[in-house]
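> According to my numbering, the sequence shown holds residues 3 to 406 in order. Pasting a structure here, questions to come.
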Amino acid sequence: MKIGLLGEKLGHSYSPQIHSLLGDYSYELTEVGKEELDAFMRDFPFDAMNVTIPYKKDVIPYMSQLSDRAKKIGSVNTVIKRPDGTLYGDNTDYYGFSYMLRKAGISAKGKKVIIIGAGGASATAQAVVTDEGARESVVISKQTNTPEVLALHADAEILINTTPVGMYPNNGESPVDLDIFPALIGVADVIYNPAETALMLAAEKRGIPCAGGLSMLVAQAKLASEIFTGGSIADTEIERIADILTKQMRNIVLIGMPGCGKTTVGTALSKLTGRRFVDCDEEIVKREGRTIPEIFAEEGEDGFRRIESEVTADIAKESGLIIATGGGVVTRERNYDLLHQNGIIVCLKRNLSELATEGRPLSQSRDLHEMEKERAPMYARFADITVDVHDSTETAKVIMEAVL
Ligand code: NAP
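Right under this line is the structure:
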């Protein structure tokens, strides 16, 4: 079977990998410009296709028949060419979105739901929450996304982001401030890169259950694969594939006292995994054209920390890296979100007597025992796991087994 994905720009698509894990067929990314779409759809040189931005509505006139769910949402993301050459349009985003809510334990039944965004994903979310029996659902468009309008819906219990706000490379942006909605018991964000958007991080901080878009992406692909092949795939495959993608996309972030071996362990991890290693301190020196002692001397610790946060923001929004941070990165709470959004944070622990101090202004000017005492709660706050460092290759193996 010739299967593919139709879209305008498909550079960062995860779909070929997801489909290679779902079934035994090739999956071709097919970029088609707007002016070429008509000729492409008339010819339709595929047996079946998924359709993505911006064509989910545009392909509808070429369908001889639509599934009920495609009709209801008014968008098609799966097309099958039938034996007589006519096209059948279906929509698997509905299933993907409802799976995403279910997996996060979020039920819209009887709830007031606020949906941010008024495009394709919003139509899917509206259909799902209506079918689940939401008490009320309110759609906030770009024009109505104002503090005054949002305040009218401060009693919303579930909030769903269907806008691209906060999506890579615009990490850190949020479409709304969650402080406006004190009654929230669930937040869902259809974005899957970064793994945790600013909106999700804000929900996490408030202890509100939240869901990210990766499970939706994989679940909709699972149903599409079943439609393509006529086979049946267990739901456990969704979790297996989402887990593979999560591990592949996540950064491994090393934190710990200055001189504890983050660079050597990071280099060893990079060799073991084949992933790119980025040392934040080296990156700061490269960008600033000054050594770290020079930056400290010229701008003080506050100036250095500001530069460190800027560089960390740029590095940590990428995926699949090994990142060694500076020892003091934990002294700024803001850096937690930057490192955590796409990363698993590993704290390296080493005997104080073994810490290297050369070229490290704070390690040379401060008592290390005092520094460790002050920072220990900060390292504990940031760390997902803590690993003792003895031999760097052995430590790298321990980390790899624990997080990949
Ligand atoms: P779309 O049709 O372009 O819709 C996006 C909507 O968000 C538009 O109505 C846009 O308004 C609105 N918007 C933008 N900024 C806003 C703001 N600050 N406040 C309120 N509304 C705002 O795109 P889509 O197909 O729905 O996709 C949206 C996002 O969902 C993308 O990031 C996409 O990757 C993601 N998605 C994920 C999955 C998945 O499987 N996880 C599936 C589908 C989509 P304007 O038109 O006025 O700009």
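All C-beta atoms in this analysis are idealised placements derived from N, C-alpha and C, irrespective of residue type, glycine included.
Tell me where the alpha helix (DSSP H) around threonine 395 begins and ends.
Its alpha helix (DSSP H) spans residues 394 to 405.
> In three-state DSSP terms, what is leucine 216?
Correct three-state label for leucine 216: helix.
> Could you check what DSSP says for lysine 224 in three-state terms: helix, strand or coil?
DSSP places lysine 224 in helix when its eight states are reduced to three.
> In the DSSP assignment, the beta strand (DSSP E) including threonine 80 goes from what residue to what residue?
Start and end: 80 to 83.
> Which two residues bound the contiguous alpha helix (DSSP H) that contains glycine 122?
Note, glycine 122: alpha helix (DSSP H), 122 to 133.
> Below 8 Å on the Cβ atoms is my contact criterion, and I expect leucine 7 with tyrosine 29 to pass it. Report the Cβ-Cβ distance as a whole number of Å.
The Cβ separation is near 7 Å, so the contact holds.
> Would you tell me roughly how many angstroms separate the C-alpha atoms of glutamate 300 and arginine 292, rounded to the nearest one?
Roughly 10 Å between the two C-alpha positions.
> Which same chain residues end up closer than 6 Å to alanine 185 when comparing Cβ atoms and leaving out the 5 residues on each side of it in sequence?
Around alanine 185: Asp157, Glu159.
> Terminal residues of the continuous beta strand (DSSP E) containing lysine 114?
Taken as a continuous stretch (DSSP letters only), the beta strand (DSSP E) holding lysine 114 covers 114 to 118.
> With which residues is cysteine 349 paired in a DSSP beta bridge?
DSSP, once it has assigned bridges, lists Ile257, Thr388 as partnering cysteine 349.
> Hey, how far is the Cα of aspartate 191 from the Cα of arginine 377?
Approximately 33 Å between the Cα atoms of the pair.
> Is the beta carbon of threonine 32 less than 9 Å from the beta carbon of methionine 3?
Cβ atoms of threonine 32 and methionine 3: not closer than 9 Å.
> Do leucine 357 and glycine 261 have their C-beta atoms within less than 9 Å of each other?
Yes.
> Cα separation between valine 220 and lysine 273?
Distance between the alpha carbons of valine 220 and lysine 273: 30 Å.
> Can you give the Cα-Cα distance for glutamate 198 and lysine 36, rounded to whole angstroms?
Between glutamate 198 and lysine 36, the C-alpha separation is close to 32 Å.
> What is the rounded straight-line gap between the Cα of aspartate 60 and the Cα of lysine 207?
Approximately 40 Å between the Cα atoms of the pair.
> Taking 8 Å as the line, does the beta carbon of methionine 169 fall inside it for any heavy atom of ligand 1?
Yes - ligand 1 has a heavy atom lying nearer than 8 Å to the Cβ of methionine 169.
> DSSP state of aspartate 281, grouped into three classes?
The answer is strand: DSSP assigns aspartate 281 an E or B state.
> Which residue from Arg71, Thr327, Asp237 puts its Cα closest to that of glutamate 310?
Here the closest residue by C-alpha is Thr327.
> Work out the CA separation of glutamate 241 and lysine 264 for me, nearest whole Å.
One C-alpha to the other measures close to 32 Å.
> Once DSSP output is grouped into helix, strand and coil, what is the label at valine 53?
Here valine 53 sits in strand by DSSP.
> Would you list the one or two residues that DSSP bridges to aspartate 92?
Thr80.
> What residues in its chain sit with their C-beta under 6 Å from that of isoleucine 324, if we drop five residues either side in the sequence?
For isoleucine 324, where only same-chain residues beyond five positions count, the Cβ hits under 6 Å are Ile254, Gly268, Leu271, Ser272, Arg277, Phe279.
> If you pair each beta-carbon of the segment 78 to 89 with each one of the segment 112 to 119, do three or more pairs fall below 8 Å?
The segment 78 to 89 is not in contact with the segment 112 to 119.
> Counting pairs of Cβ atoms below 8 Å between the segment 224 to 242 and the segment 90 to 104, do you hit three or more?
Touching, yes, given that three or more Cβ pairs across the two stretches are closer than 8 Å.
> Measuring CB to CB, does proline 166 end up less than 9 Å from valine 189?
In this structure, valine 189 does not lie closer than 9 Å to proline 166 by Cβ.
> Report back the beta-carbon spacing between proline 171 and lysine 288 to the nearest angstrom; my notes put them in contact at under 8 Å.
Their Cβ separation, rounded to whole angstroms, is 20 Å, which puts proline 171 and lysine 288 out of contact at 8 Å.
> Tell me glutamate 138's beta-bridge partners as DSSP assigns them.
Partner(s): Lys114.
> Of the residues Val405, Phe48, Tyr101, which one's Cα is nearest the Cα of glutamate 239?
The shortest Cα separation from glutamate 239 among Val405, Phe48, Tyr101 belongs to Tyr101.
> Run through DSSP, which three-state label would glutamine 250 get?
Three-state DSSP puts glutamine 250 in a helix.
> Alpha carbons only, please: which of Glu296, Gly322, Thr314, Ser321 is nearest the one belonging to valine 332?
Among Glu296, Gly322, Thr314, Ser321, the Cα nearest to that of valine 332 belongs to Thr314.
> How would you call valine 53, buried or exposed, if buried means at least 16 neighbouring beta carbons within 10 angstroms?
With 16 or more Cβ atoms within 10 Å of its Cβ, valine 53 is classed as buried.
> From the DSSP secondary-structure annotation, give me the bridge partner or partners of asparagine 147.
In the DSSP output, where bridge partners are listed per residue, asparagine 147 has none listed.
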